[in-house]
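Okay, so here's the structure we're looking at.
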């Protein structure tokens, strides 16, 4: 059953109870709260007008939090309605990354949960244990559980729901086991070598429906599911070692259950261009989301009298059976309890007791941020991507270049199949390094070129073994013995190492470059320096919007900043210019001319370049002619009435120009509309929202013609990379236009509804960075592995003409290639496994080079060792790419189900083989994978896999292409955005305020928050923010005067304004694209869009909340184990 499927037969779980004793319930059904002006979107947290609201749910509500004092320690009795917190401290919550997708087989969505398969919601406060303290004893726990009786209508935790998940509350301490029965006790860790697994207990769905009056059994969820582990902290550290965020007070959760009717408001209005926004979470601070809105209709569940806190059912299933969740099939068929007198309600799983991304990130920062990461040891798991750390290369490539899903891989394919953990590496061959780290050394072996293995052609590296006094070496990849060339001979010391070991980068470092000889060049001749061709759409829309003038003005100065080799006076790159609408205009800007000359090619069916000499020129030599041209273009086309454009002939023209000049290069194409003019590659508008959620949905992601695939192949052969800047006002068919960009290794940028005043900064920053960044041309990458594994699958922006070589016309410092490995033989624990990534490319000065990255991994015969050395962030990066490629050939639902199934198998294998025996009522997650469920849920809720009604087809195609070449840090923040409380920032320090979890209930209406996901920055302003803060940040005197149209923060001379602007600048500097800034006022229509990114909450498009998804995963795991 897909988590996101829309079948819905009742209100979602987690809905508010009809009357909750002692809590007033205003705003149900849209009545306005006294004193609050009616708004287009209904009360804040109130139902959306215009959305059908299911009747009040009858499921359990979250118990009201106790007073500010911490709840009683475990073992104390809990008055109903009070969650017990564990006796361990609660860490503050912090942010992490979302998860992604992979294939799995699961039961059809429509199938009802049978008794025995009912989701057990998580209903307790489980807490994570910090490293040191051992959990309370099992006996204690069992007694505690056995003593809790559950009434007939009691449920244990809200079952996962597709649409109707309630948002989690605040999160407690980091890792550890979740205890069952809302008791906040920890269950003991099992099987532990390595950090203890996190276990959530008994609020996950357990089998059989409870019977009235039955006591809770001491069953716990399976401890560690084989193959499942919680996601690792976001960067690669094993156990999560993020420090708790210090000092950031956890925002108060609101007392009490959500009021009925507090629902999520309607669909977001405008989508930020860049982002595929996750559906808005549903409820705001601390309130449970009310009935979900969009599109869920179903009979209202029977109402029961209100029930104070929730208690657990004997089997952990929920009592008051609620209607089936929209995206998980129905609960048990004949829901018991309808009509029986309601018993005490079950407790709901406390969001603070489930693994917190923020906590994991903070722990890793405090544990691993201070020491440099030294790469000399095989199979070390690096710090998380969210941790700032220095790398010292001592023989293995830096994690900035290569990150793996696991640093200890199974020795046999059977073991790998059993765990279902994909073995993959995310490789970023030209990654930029921080200034404190040394760039790879360039080694020149002269005419003879790099020393390589005779058989497998692997390049000399630190793992090669010299024998016979240094006269021969044995290859570490294929074991073949090769003669050392006489010029390379050196004696060995008493340990068998060459005496020049430390003088040669290729013997002592993990990453280095070789100067390539002529044998490594096309046609056996050294390449010419590359060229940049700027191709500007001058149709009516581009001219009228001011875009053409803006581009021409910017290029005048930008051409001084073309990339160049470190010590060169000026760039070797030549430039050329083309404008186009239905025809193409080429410009001769030869330095000897007084004025540029235009040549028009109107026969677009047979494209050729009308001039050879004077089209591609050196900027400094032709500066006056180029400046004159850039001044004239906007004037020449100022009165154009031509609205139609061509597209494929533009790429063909650039390709022909590079062919004629016999060089590689890059086309920068600025394009505004669907190319409907009569020409090769002409497209039609085929956008059809009705295909969403059907078997034909995949066609929306596929190109509408094969013409562009063939064109891409020609571009790759020439080394012609295409970067595309799109400015659409309507459907443009990104899925088709992006094909050439994608297959040539280029980048796409999209500015929907481009307006000068709001989008100019973003576009110009993107353009500047795109033109200036380090890029290699005519690149070919091959990944070699030691015997036993081989590279079998590749993901990213490239072209492959055979099964081993990844070809890219261009490869820049932001692009990654993800490689999956499979066993083809046994590995040994002694020798481990090796990877060598070799990239052959032409530098921006026209120099042919080889960049080599080597990495050694451990191999294991015990599953526990695999689960102890996984990196969840990398795993999610791989799963997202796998799923995003899957939508090209399979229905989205199939892809989602496969992802859930694979992750359930990963965790079930862990539970079965690595966790100590414990009852099935307990969910046990491996320490380094404890964030897998929350991140996976974020991937499942992303716009590609579960779009809301406002997400366009182009947005989905754009995001799909973007994510496919993202690195681990980018997917981390894209799927689980960073949420910072700006009002808690220390204006006197350089540090960021501690992040908080992505849930509406963490927001306080008296504060200002910043949320970033790599494509957008939202500044959310609560309705009750102090007037002084508003004045300091926005320069206006009241909340109502803040303009939502701002795209930059005003520059004001006060410490708070400076601090917030410096935070925004710092975040912009960390990302590869300039993020769109949006101001979101609480209760404003833009808030729908903002809520899309509160990924721990339910989403409007039917995505589960984190709590509910965790329950759902628990149920899936239990089904696999039974």
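In this note's numbering, the protein residues as written are 4 to 1125. Think of the CB as a built atom: it goes at the ideal place given N, C-alpha and C, for glycine as much as any other residue.
| said: Comparing C-alpha positions only, which one of 891, 504, 402 sits nearest to residue 698? | reply: As a first step, residue 698 must be located in the chain shown, where it is residue number 695. The option with the nearest alpha carbon to residue 698 is 891.
| Completely contained beta strand (DSSP E) runs for the region 707–756, where each covers 3 or more residues | 723–729, 751–753
| request: Just grab the DSSP bridge partners of residue 413 for me. | output: Numbered from 1 along the chain shown, position 410 holds the residue referred to as residue 413. Beta-bridge pairing links residue 413 to 863.
| said: With H, G and I counted as helix, E and B as strand and the rest as coil, what does DSSP make of residue 482? | reply: Here the question's residue 482 lines up with position 479 in the chain shown. Coil.
| task | Hey, could you find the ends of the alpha helix (DSSP H) residue 1084 is sitting in? | result | What you label residue 1084 is simply residue 1081 of the chain shown in a count that begins at 1. No alpha helix (DSSP H) contains residue 1084, which is instead part of the beta strand (DSSP E) from 1079–1084.
| message | Does residue 1037 come out as helix, strand or coil in the three-state DSSP assignment? | response | Here residue 1037 refers to the residue found at position 1034 of the chain shown. Three-state result, residue 1037: helix.
| Leaving out the 5 sequence neighbours to the left and right, which residues in its chain are closer than 8 Å to residue 803 when beta-carbon positions are compared? | Numbered from 1 along the chain shown, position 800 holds the residue referred to as residue 803. Excluding sequence neighbours, residue 803 sits near 797, 809, 810.
| query | Do residue 662 and residue 533 come within 8 Å of each other at the CB atom, strictly closer than that value? | reply | Numbered from its first residue, the chain shown carries residue 533 at position 530. Numbered from its first residue, the chain shown carries residue 662 at position 659. Going by C-beta atoms, residue 533 is not nearer than 8 Å to residue 662.
| Limits of the unbroken beta strand (DSSP E) element including residue 505 | Here residue 505 refers to the residue found at position 502 when the chain shown is read from its first residue. It is not in any beta strand (DSSP E) - residue 505 carries neither H nor E in the DSSP assignment.
| query | By DSSP, does residue 1020 sit in helix, in strand, or in coil? | reply | Along the chain shown, read from residue 1 onward, the residue named residue 1020 stands at position 1017. Reduced to three states, the DSSP call for residue 1020 is strand.
| query | What did DSSP end up calling residue 421 once you bin it into helix, strand or coil? | reply | Along the chain shown, one-based indexing puts residue 421 at 418. DSSP places residue 421 in helix when its eight states are reduced to three.
| Coarse secondary structure for residue 987, derived from DSSP in three states | In the chain shown, the residue the question calls residue 987 occupies position 984. Note: residue 987 maps to helix in three-state DSSP.
| said: Quick check: what's the CA-CA separation for residue 1025 versus residue 363? | reply: Position 1022 of the chain shown holds residue 1025. Position 360 of the chain shown holds residue 363. Approximately 28 Å, taken between the alpha carbons.
| field | Alpha-carbon spacing of residue 898 relative to residue 1121, whole angstroms | value | Taking the first residue of the chain shown as position 1, residue 898 is located at position 895. Taking the first residue of the chain shown as position 1, residue 1121 is located at position 1118. Approximately 21 Å between the Cα atoms of the pair.
| Distance, residue 737 Cα to residue 381 Cα | Translated into positions along the chain shown, residue 381 becomes position 378. Translated into positions along the chain shown, residue 737 becomes position 734. Whole-angstrom Cα-Cα distance: 43 Å.
| query | On the three-state DSSP scale, how would you describe residue 629? | reply | Position 626 of the chain shown, counted from the first residue, corresponds to residue 629. Note: residue 629 maps to helix in three-state DSSP.
| request: Take residue 561 as the anchor and find which of 545, 535, 570, 586 has the nearest alpha-carbon. | output: Counted from its first residue, the chain shown places residue 561 at position 558. The shortest C-alpha separation from residue 561 is found at 535.
| field | Cβ neighbour criterion (16 or more within 10 Å) applied to residue 611 | value | Within the chain shown, residue 611 is the residue found at index 608, counting from 1. The residue is exposed, with fewer than 16 neighbouring Cβ atoms inside 10 Å.
| said: If you follow the beta strand (DSSP E) that residue 518 is in, where does it begin and where does it stop? | reply: By 1-based counting over the chain shown, the position of residue 518 is 515. Start and end: 514–518.
| Hey, quick one: how far does the beta strand (DSSP E) through residue 825 stretch, first residue to last? | Working through the chain shown from its first residue, we reach residue 825 at position 822. Note, residue 825: beta strand (DSSP E), 820–826.
| Hey, would you say residue 454 sits closer than 8 Å to residue 488, going by beta carbons? | Reading the chain shown from its first residue, position 451 is the one you call residue 454. Reading the chain shown from its first residue, position 485 is the one you call residue 488. Result yes, Cβ atoms of residue 454 and residue 488 sit closer than 8 Å.
| request: Please name the residue in 1106, 922, 419 whose C-alpha comes closest to that of residue 1125. | output: Taking the first residue of the chain shown as position 1, residue 1125 is located at position 1122. Nearest option by C-alpha distance: 922.
| said: Looking at residue 727: is its Cβ nearer than 8 Å to the Cβ of residue 779? | reply: Numbered from its first residue, the chain shown carries residue 727 at position 724. Numbered from its first residue, the chain shown carries residue 779 at position 776. No, the pair does not count as a contact, with Cβ atoms beyond the cut-off.
| query | Grouping DSSP H, G and I as helix and E and B as strand, with all else coil, what is residue 669? | reply | Your numbering for residue 669 matches position 666 in the chain shown. The answer is strand: DSSP assigns residue 669 an E or B state.
| said: Just to confirm the assignment, what range does the alpha helix (DSSP H) spanning residue 961 have? | reply: Taking the first residue of the chain shown as 1, we reach residue 961 at position 958. Segment 956–967, the alpha helix (DSSP H) holding residue 961.
| query | What is the DSSP secondary structure of residue 463, counted as helix, strand or coil? | reply | Residue mapping note: residue 463 aligns to position 460 of the chain shown, counting from 1. DSSP places residue 463 in coil when its eight states are reduced to three.
| said: Between which residues of its own chain and residue 1152 is the CB-CB distance below 7 Å, once the five residues before and five after are set aside? | reply: As displayed, the chain neither begins before 4 nor continues past 1125, which places residue 1152 out of reach and without an answer.
| request: Consult DSSP for residue 1110 and reduce its assignment to one of helix, strand or coil. | output: Your numbering for residue 1110 matches position 1107 in the chain shown. Residue 1110: helix per DSSP, three-state reduction.
| query | residue 465: which of 369, 837, 729 sits nearest, CA to CA? | reply | Sequence index remark: in the chain shown, residue 465 carries index 462 (1-based). Comparing Cα-Cα distances from residue 465 to each of 369, 837, 729, the minimum goes to 837.
| Start and end residues, alpha helix (DSSP H) containing residue 469 | Looking up residue 469 in the chain shown gives position 466. Premise fails: residue 469 lies in the beta strand (DSSP E), 468–470, not in any alpha helix (DSSP H).
| task | On the DSSP bridge assignment, give the partners of residue 395 in chain order. | result | Sequence index remark: in the chain shown, residue 395 carries index 392 (1-based). Note: residue 395 sits in a beta bridge opposite 377.
| task | Would you identify the three-state DSSP class for residue 456, choosing helix, strand or coil? | result | Walking along the chain shown from the start, residue 456 turns up at place 453. Residue 456 falls in the coil class under three-state DSSP.
| Are residue 1093 and residue 1014 closer than 8 Å when you measure CB to CB? | The sequence position of residue 1093 within the chain shown is 1090, counting from 1. The sequence position of residue 1014 within the chain shown is 1011, counting from 1. It is a contact, given that the beta carbons lie within the stated cut-off.
| query | Do you know how far the Cα of residue 497 is from the Cα of residue 472? | reply | The residue you call residue 472 lines up with position 469 of the chain shown. The residue you call residue 497 lines up with position 494 of the chain shown. Taking the straight line joining both Cα atoms gives about 10 Å.
| In chain order, what residues of the same chain have a beta carbon less than 8 Å from the beta carbon of residue 405, not counting five sequence neighbours either side? | On the chain shown, position 402 is the one that residue 405 refers to. Excluding sequence neighbours, residue 405 sits near 428, 429, 430, 431, 838, 840, 856, 858.
| task | Starting from the N-terminal side, write out each stretch of the beta strand (DSSP E) that is 3 residues or longer and does not extend beyond the region 544–623. | result | 577–583, 587–591, 600–604
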